[in-house]
Amino acid sequence: MAARSCREAAMDFLARREHSRLELEQKLSKRDYPLDEIELTLAQLAEENLQSNARFAESFSIQRAENGYGDVKIRYELQQRGVDEAFIDQALSPYQGSWLDSAKIQRQKHFGTWPEDYQARAKQSRYLQRRGYDFDVIHQIFSDT
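Be aware that the sequence shown starts at 32, since it is given in our numbering, and climbs by one per residue.
Here it is in C-alpha cells:
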C-alpha cells in the first residue's frame, strides 16, 4: 500500500475539525513528512482557503466560550496554537460585554450558593480565574452583592 501524501494527511486532519497552521505543521512533522513538503502543502491549503487561521480562531473561540471559558484562557490557547493577535481579536470581538454574564453562569453552575465568607469567595474567584476570566470581571461579580 502506497504511503499517503502530505496533502492527503493534512486534508484528513482538516476534515475532522479546523486546525491552525501551527497545529497542522506539528502533526505532519510527527508523521515524518519533510519540512519543505509540509510548508509547500500548508501554503497551498491556505491559498485554496482550505486552511485558515482566522476560521480556526473563530470556531475555536465559539467552542471554548460555549464551554464556559473566559477570554483570557481562550486568548492564551489561541496564542499557543500560533494564531495572530489580529485573528484572535476578531474571533473574540462578538463576546465583548458578555464575559460577565458567562462568568456569573459558570459560578452559579459550579457552586450554586452565594459565598458566605471570604474563604468561599476566594475559592470561587480562583475557580473563575482557572476558567480564564479576567480579574475585573471576577471582581465585578463579587462586588455586585
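Cβ coordinates follow ideal geometry from the N, Cα and C atoms, glycine included. None of these values were measured; they are calculated from a predicted model.
#### Entry: Selection from L66, S36, N80 that minimises the alpha carbon distance to S51
Taking the first residue of the sequence shown as 1, we reach residue 51 at position 20. Ranking the options by Cα distance to S51, first place goes to N80.
### Message
Under 8 angstroms, with one C-beta from each stretch per pair, do the region 71-87 and the region 107-126 reach the 3-pair mark?
### Response
yes
### Task
Locate the alpha helix (DSSP H) running through R157, then write down its first and last residues.
Taking the first residue of the sequence shown as position 1, residue 157 is located at position 126. Segment 149-161, the alpha helix (DSSP H) holding R157.
### Proximal residues to I172 (C-beta, below 8 angstroms), its chain only, five neighbours per side dropped
In the sequence shown, residue 172 corresponds to position 141, counting from 1. Taken in chain order, the residues that qualify are L131, A134, K135, R138, L159.
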